[in-house]
Every structure is written in structure tokens, then in C-alpha cells.
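Residue numbers (our numbering): 80 to 321.
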């Protein structure tokens, strides 16, 4: 698999997670499953990762993403099984991330989709977009925040909550920097997740990366965990509030 592929998708800047065989390079099914997961299409992603698992049962990232997808769907027993497999068979980094998923889920039981609020437990690891209620809006009990309040207001400031240990944050950094010059009337501010408890509390930030768009009066227009995967998608997102 090419370095370019990894730099644009999953691999943290200074950490090697797992190297696949040459036959895996450019696997379109895997790339689509990752894209669906990132877009919040967890049911679709889970099915795709299950199919990939059948073909590549020992692939750590497939099993890890499957765990994340199952957790987002509230299928905690299935998620727990995948996390346990990764924790047993993964490298040091993925083991730690899988253990994080297990500890955060605790003894939570699976729920039937649409039957109630989702667990307030955040998902594990670096690859964390928020998960919403079945209606498509943010769950009132979820610790992952997603706010979209446009009302014609224009974005004046963008806060990026980040951390040096966050692999996705490191991958997003060049995308973020490349887009900033396109919006010279917008102030961009990096906020360190570990040393900014007041800011985290103010904007209800529990995971990184997390983007917050503010208007000139400081009102939140957009708040969401996760990061756009390309400069084009990030620019398009900003333009929708600009």
C-alpha cells in the first residue's frame, strides 16, 4: 500500500499500525467501508466490514473498524468481541485502542436501534466521528456533540481541538493548513485538548479531533467530532457557513 494512501486515510504520522500485503493495495471495498464509516453510515459500514472480515479474517484494521461500527450501532456484544480479538492479536497501538474501547463500554448491553437513547460512552481510539440518534440529530445523552445552527450567520472563527497523541489529528493537520489561506476573513485557532479543560467544557468536547465554527458573536454554528478527509470536503464545509 502506498505511503500516499496511508497519509490520506488512517496511519498516524509517526506510528505504523499494520502493513497489508501488496494484494491489499487500493482495495476499493475497504476504502468504501472506511468512507461509509467516516460519513456516519454505520449500518452500511458494518455490513461491508463483515464481508471484508470473511475474506481477510486476520486483518487488524478491518476488525477494529468493525468494532467501532458495531459500537456506534449500539451492538455492544458484537463490538466487544471484535475489540477483544484486536486486543489479543494487534500491535501495541491497536491493542491499546481496543482496550480503550472495552473499558469505555464496560458492561453496557446492546440495544435495539431506534428503541432509546444511545450509550453516553464515547467510542474508542483515534477514528471517532460522532454518532447520532436514529432521527439523525445528536442524541441528548451522547457525549459526542454535533450541532448545526446556521440561520444565515457566517462563520467568523474555527476552533480545532487537537492533541499530539491523536493520529487522525496529525493526518488532518496538512488538510487544515492548506485550507486556511482560502478564508482570510476567518480566524483559525488550535486548542490543545489536554490542557484546555475550560474550553472543552464550554463547547462540550469529549473527543479529538473536534471542530467548532463560531459566528462573530461567539454563537456556535457547527460543532462536531471527527475531521474531513480532504481539503475539498473541508473547504466545502466551511463555505456552507461562509
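Heads up, the beta-carbon is just placed ideally off N, CA and C, and yes, glycines get one too.
When rounded, the separation of the alpha-carbon atoms in residue 270 and residue 303 is 14 Å. Judged by beta-carbon spacing, residue 259 lies beyond the 9 Å limit of residue 272, meaning their Cβ atoms are not closer than that value. In the DSSP assignment, residue 315 falls within the alpha helix (DSSP H) that extends over 310-318. In the DSSP annotation of this structure, the continuous segment of the beta strand (DSSP E) that includes residue 301 starts and ends at 299-304. The residue from 135, 164, 319, 313 with its alpha-carbon nearest to that of residue 256 is 313. By the 16-neighbour rule on beta-carbons within 10 angstroms, residue 288 is buried.
The beta carbon of residue 137 sits closer than 8 Å to the beta carbons of 168 from its chain, once the five residues preceding and following it are set aside; these are given in chain order.
Closest option to residue 112, judged by alpha-carbon separation, among 145, 282, 135: 145. Exclusion of the five residues before and after residue 292 leaves 234, 237, 300, 301, 320 as the residues of its chain whose Cβ lies within less than 6 Å of its Cβ. Separation of residue 296 and residue 162 (C-alpha to C-alpha, rounded to the nearest whole angstrom) is 43 Å. In the three-state reduction of the DSSP assignment, residue 271 falls in the strand class. For residue 290, the enclosing beta strand (DSSP E) has its first and last residue at 289-293. Contact annotation: residue 308 and residue 117 have beta-carbon atoms nearer than 9 Å. The residues 254, 257, 258, in chain order, have a CB closer than 8 Å to that of residue 310 in the same chain once the five nearest residues on each side in sequence are set aside. When only Cα atoms are considered, residue 281 and residue 134 end up about 45 Å apart. Here residue 244 is exposed. Its C-beta has fewer than 16 other C-beta atoms within 10 Å. Bounds of the beta strand (DSSP E) holding residue 238 are 236-241. Taking a contact as a CB-CB distance under 8 Å, the pair residue 166 and residue 147 does not count as one, their CB atoms being some 14 Å apart. For residue 136, there is no enclosing alpha helix (DSSP H), as DSSP marks it with neither H nor E. Counted as a single uninterrupted DSSP element, the stretch harbouring residue 119 is not any alpha helix (DSSP H), since DSSP gives it neither H nor E. Straight through space, the alpha carbons of residue 114 and residue 317 are spaced by roughly 20 Å. For residue 160, the closest C-alpha among the options 285, 175, 143 is that of 143. Counting only runs that start and end inside the stretch 125-181, the alpha helix (DSSP H) elements of at least 4 residues fall at 139-151, 155-168. In the DSSP assignment, residue 277 falls within the unbroken alpha helix (DSSP H) covering 276-282.
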